[in-house]
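Enquirer:
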Amino acid sequence: MDMPGHIPEEIVEEVRKQSDIVDVVGEHVELKKQGRNYFGLCPFHGESTPSFSVSPEKQIFHCFGCGKGGNVFTFLMEKESWTFIQAVEALASKNNISLPENNQSSEAGNDDGTQRMLEAHQWLSKLYHHLLVNTAEGKEALHYLTERGFTREAIDTFQLGYAPDRPGVVATFLEKKGYHPQEMVKAGLLSSTENGEYLDRFRGRIIFPLRNHLGKTVAFAGRSLGDGQPKYLNSPETSVFHKGKLLYNFDLARGYIRKQNTIVLLEGYADVISAYEGGIKGSIATMGTSVTPAQAQLMNRYAEKVIICYDGDEPGIEASVKTAKELQKAGIQVYIARVPNRQDPDEFIKAEGGDRFKKEVLDTSEPFVGYLMRYYRSRYNLQSEGDRFDYIETVIREVAKLDRAVEREYYLQEIANEFSLSLETLKEEMAKWRPKQKDLGDNQSQQRYTKRSESQTSPNKPLPAFHNAERKLIAYMMREPYIADIVKENISASFNIETHQIIATHLYAYYEENETMDISEFIETFEENRLKDLVADIAAISLTPEVPEKEIEDYIYQVQTEQWKKQNVNELRKEMKEVEKQDPIRAAELAMQLLKNNQEWKSRN
1 MDMPGHIPEE IVEEVRKQSD IVDVVGEHVE LKKQGRNYFG LCPFHGESTP
51 SFSVSPEKQI FHCFGCGKGG NVFTFLMEKE SWTFIQAVEA LASKNNISLP
101 ENNQSSEAGN DDGTQRMLEA HQWLSKLYHH LLVNTAEGKE ALHYLTERGF
151 TREAIDTFQL GYAPDRPGVV ATFLEKKGYH PQEMVKAGLL SSTENGEYLD
201 RFRGRIIFPL RNHLGKTVAF AGRSLGDGQP KYLNSPETSV FHKGKLLYNF
251 DLARGYIRKQ NTIVLLEGYA DVISAYEGGI KGSIATMGTS VTPAQAQLMN
301 RYAEKVIICY DGDEPGIEAS VKTAKELQKA GIQVYIARVP NRQDPDEFIK
351 AEGGDRFKKE VLDTSEPFVG YLMRYYRSRY NLQSEGDRFD YIETVIREVA
401 KLDRAVEREY YLQEIANEFS LSLETLKEEM AKWRPKQKDL GDNQSQQRYT
451 KRSESQTSPN KPLPAFHNAE RKLIAYMMRE PYIADIVKEN ISASFNIETH
501 QIIATHLYAY YEENETMDIS EFIETFEENR LKDLVADIAA ISLTPEVPEK
551 EIEDYIYQVQ TEQWKKQNVN ELRKEMKEVE KQDPIRAAEL AMQLLKNNQE
601 WKSRN
């Protein structure tokens, strides 16, 4: 039996694996993706240039400025001054993971009904899906979906369902599960009449479960089968559903978005499902066409580029421009993709397939400003002098918002050529609309996030060669188990730096139990924060994809030679002590030998 305040190790592991460190840290720090990692201003020390790094692959954070580092638990313990237990409880609650009752701290015991609300949504999602695919009542809805090209695999993956056109099916089902009707009205799953009756909210509709970023259903969208209005009926806002923060399919798309550094933003649920089936896995949609600042910031955290692909009709074009401007404010590179013949993405993919959609629509998308120039061109009469000036000024304002100098010059040159204006004049005009900040060039802007020293323990003094060799060895050992075997065979844990000896000892023990390395899990084998920080620091070292075998040999040689040096110096010092009283000349010779050894080592290190 587990003691109060102790959480079983397997549950801690489940909580850690379910907690994406980018999401958790992102609630406290504004993160920006740069390459494979995310960077922001460190919350643990004052700084004006981002040196705080989060690795989604390793599930760790590390600050190159103050040296703090660790996993998702460490971050919350540092940021919120929580105990380990409190950090685990908070993340367990967030991920809907149940903890044994005797492990709950007093802070975690206050439930406002959110947990029950989530559970009710999970039950109902299963019921709706069952009614669609397994019952006579759902036959018409299933036929409707298959006629429109939805495969059984897609229906199962996205847990599409059907709410029967009878008023009490869901109410009765939920009541049998122990949920009071008033509680379910608050959850947005039932509606009540003036007579005190409780009715199923989505009756007679096809159901699209809306999942949060952890994959839990938090709301539903019900689509009418025929021409019934409204076409879509969504759940109301609740404590678990905030439509301005949610992105449809983000839980499934997130991994693909990270790898591609690109989001495909579509207009509707059907578009996303068709795109996902067609191999465009990094596709998402908002709850309606307007993008909120919160959604824009979330997208910016995961990708540098967003391709907007809305319907090709006039409302779709208008919505594309509005959405693009909101995304641009968040610092995202925005591209617009156009579906031919005014089709919507769902129609095109079902008719032509995902490969053609990627090649002919997404791969031919154009930067937003280029698209905007054509968009405004259709709205101004360029034969009129006044309209020409208005058009030029409107476009210059949009160009001024671009971060990259090369892009700004490219579009200004286009305007200069078309309207026979000098580039200098246009730059002067654009300067009025540029943000009042120092204009960093592309490379400088990139480097301010990524160009950091591997260690700032002694900022003004570079580490000795053997010290760096030990750090590199441990970094490769943490990445490649077979390198750990080679090092263990050659030098065991006899590193020259004491903390490196401790890490190596933990590392060998870890590999006895695990075939591969999980850095976030490995960090938990250390109790001292200084060691957790050091492991995160070493794990953040940039390594070549291929293991440089010759370098590994050199690192081992440097470590062994430093050991020999220390051993030799210690022997000489011991001999000096013994002879200095009896034989001053011999003592002087030994002192000269020590000095010579030191000079040789300085030249090597």
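Residue 460 in the UniProt record's numbering sits at position 460 of the sequence shown; the count goes up by one each step and never skips.
Ideal Cβ placement from N, Cα and C applies to all residues, glycine included.
Predicted model only: the values in this text are computed from it and were never measured.
Just curious, the beta strand (DSSP E) that Asp200 is in, first and last residue?
Expert: Note, Asp200: beta strand (DSSP E), Tyr198 to Asp200.
Enquirer: Leaving out five residues on either side along the sequence, give the residues of the same chain with a beta carbon under 7 angstroms from the beta carbon of Phe44.
Expert: The residues are Cys63, Cys66, Lys68 and Glu78.
Enquirer: Judging by CA-CA distance, which residue of Arg211, Trp433 and Glu14 is the nearest neighbour of Phe241?
Expert: For Phe241, the nearest C-alpha among the options comes from Arg211.
Enquirer: Arg211 by DSSP, collapsed to three states: which one?
Expert: Arg211 falls in the strand class under three-state DSSP.
Enquirer: Quick check on Gln333: does DSSP put it in helix, strand or coil?
Expert: In the structure shown, Gln333 sits in a strand (DSSP, three-state: E or B).
Enquirer: Alpha carbon to alpha carbon, how far is Leu142 from Lys126?
Expert: So the alpha carbons of these two residues sit roughly 15 angstroms apart.
Enquirer: With a threshold of 16 other CB atoms inside 10 Å of the CB of Asp111, please say whether the residue is buried or exposed.
Expert: With a pLDDT of 49 at Asp111, under the threshold of 50, the predicted position of this residue should be treated as unreliable, and no value is reported.
Enquirer: Buried or exposed: which applies to Glu107, given that a residue is buried once 16 or more other Cβ atoms fall within 10 Å of its Cβ?
Expert: Summary for Glu107: the model assigns pLDDT 44, below 50, so the residue's position carries little reliability, and this model does not support an answer.
Enquirer: Could you tell me whether the Cβ atoms of Ile538 and Arg471 are closer together than 8 angstroms?
Expert: Result yes, Cβ atoms of Ile538 and Arg471 sit closer than 8 angstroms.
Enquirer: Relative to the C-alpha of Ile155, which residue among Leu199, Ile336, Ile206 and Glu304 is closest?
Expert: That would be Ile206, whose Cα lies nearest to the Cα of Ile155.
Enquirer: Look at the alpha carbon of Val15 and the alpha carbon of Tyr310, and state the distance between them as a whole number of angstroms.
Expert: Their Cα atoms are separated by approximately 37 angstroms.
Enquirer: At what residues does the alpha helix (DSSP H) containing Thr151 begin and finish?
Expert: Thr151 -> no alpha helix (DSSP H), and no H or E assigned at all.
Enquirer: Beta-carbon separation of Met477 and Ile519 under 8 angstroms?
Expert: Contact: no.
Enquirer: In the DSSP output, what is Gly161 paired with across the bridge?
Expert: The partner list for Gly161 (beta bridge, DSSP) reads Ile207.
Enquirer: For Lys177, which residues of its own chain have a beta-carbon under 8 angstroms away from its beta-carbon, when the five flanking residues on both sides are left out?
Expert: Only Ala120 and Trp123 meet the Cβ criterion.
Enquirer: Measure the alpha-carbon distance for Gly215 versus Glu47 and round it to whole angstroms.
Expert: Going from the Cα of Gly215 to the Cα of Glu47 covers about 35 angstroms.
Enquirer: Can you tell me which of the three DSSP states Lys432 falls into?
Expert: The answer is coil: DSSP assigns Lys432 none of H, G, I, E or B.
Enquirer: What does a CB cutoff of less than 8 angstroms around Gln447 pick up in its chain, not counting 5 residues either side in sequence?
Expert: Caution is warranted here: a pLDDT of 38 is assigned to Gln447, below 50, making its placement in the model unreliable, and no coordinate value can be reported.
Enquirer: Indicate the three-state DSSP secondary structure (helix, strand or coil) for Tyr511 in the structure shown.
Expert: If DSSP states are grouped into helix, strand and coil, Tyr511 belongs with the helices.
Enquirer: State the CB to CB distance for the pair Ser365 and Ala337, rounded to an integer number of angstroms; the pair is presumed to be in contact (CB under 8 angstroms).
Expert: Between Ala337 and Ser365 the Cβ distance is about 4 angstroms, and since that is below 8 angstroms, they are a contact.
Enquirer: With distances taken from CA atoms, which of Leu190, Leu382, Glu197 and Tyr269 is nearest Tyr232?
Expert: The shortest C-alpha separation from Tyr232 is found at Tyr269.
Enquirer: Under three-state DSSP, which class holds Thr74?
Expert: Here Thr74 sits in helix by DSSP.
Enquirer: Helix or strand or just coil, what does DSSP make of His45?
Expert: Coil, per DSSP.
Enquirer: Spatial neighbours of Arg408 within its chain, please: C-beta separation below 6 angstroms, excluding the five flanking residues on both sides.
Expert: Result list for Arg408: Val399 and Leu402, in chain order.
Enquirer: Count the other C-beta atoms from every protein chain shown that fall within 10 angstroms of the C-beta of Arg201, then say buried if there are 16 or more, exposed otherwise.
Expert: It counts as buried.
Enquirer: When the distance is taken between beta carbons, is Ile257 closer than 8 angstroms to Lys358?
Expert: The answer is no: Cβ separation not under 8 angstroms.
Enquirer: Excluding the 5 residues preceding and the 5 following Ser453 in the sequence, name in chain order all residues of the same chain whose CB lies nearer than 6 angstroms to its CB.
Expert: With a pLDDT of 35 at Ser453, under the threshold of 50, the predicted position of this residue should be treated as unreliable, though the coordinate-derived value follows. No residues qualify anywhere along the chain.
Enquirer: Excluding the 5 residues preceding and the 5 following Met117 in the sequence, name in chain order all residues of the same chain whose CB lies nearer than 6 angstroms to its CB.
Expert: Taken in chain order, the residues that qualify are Ala187 and Val240.
Enquirer: For Phe84, does the three-state DSSP call read helix, strand or coil?
Expert: If DSSP states are grouped into helix, strand and coil, Phe84 belongs with the helices.
Enquirer: Check this for me: beta carbons of Asn249 and Ala219, under 8 angstroms apart or not?
Expert: Their beta carbons are not under 8 angstroms apart, which means Asn249 does not touch Ala219 by this criterion.
Enquirer: With DSSP as the reference, identify every bridge partner of Gly222, one or two as the case may be.
Expert: Answer by DSSP bridge pairing, in chain order: Ile207 and Leu233.
Enquirer: Which residue spans inside the region 524–550 form an unbroken alpha helix (DSSP H) run of at least 4?
Expert: As far as the region 524–550 is concerned, its whole alpha helix (DSSP H) runs of at least 4 residues are 529–539.
Enquirer: Using beta-carbon positions only, say whether Thr499 and Tyr510 come within less than 8 angstroms of one another.
Expert: Not a contact, by the Cβ cut-off of 8 angstroms.
Enquirer: In chain order, which beta strand (DSSP E) runs of at least 3 residues are fully inside the region 298–362?
Expert: Fully enclosed beta strand (DSSP E) runs of 3 or longer: 305–309 and 333–336.
Enquirer: In this structure, does DSSP put Asn381 in helix, strand or coil?
Expert: Asn381: coil per DSSP, three-state reduction.
Enquirer: Nearest CA to the CA of Val54: which residue from Val25, Trp82 and Thr74?
Expert: Looking at the Cα atoms, Val25 is the closest of the given residues.
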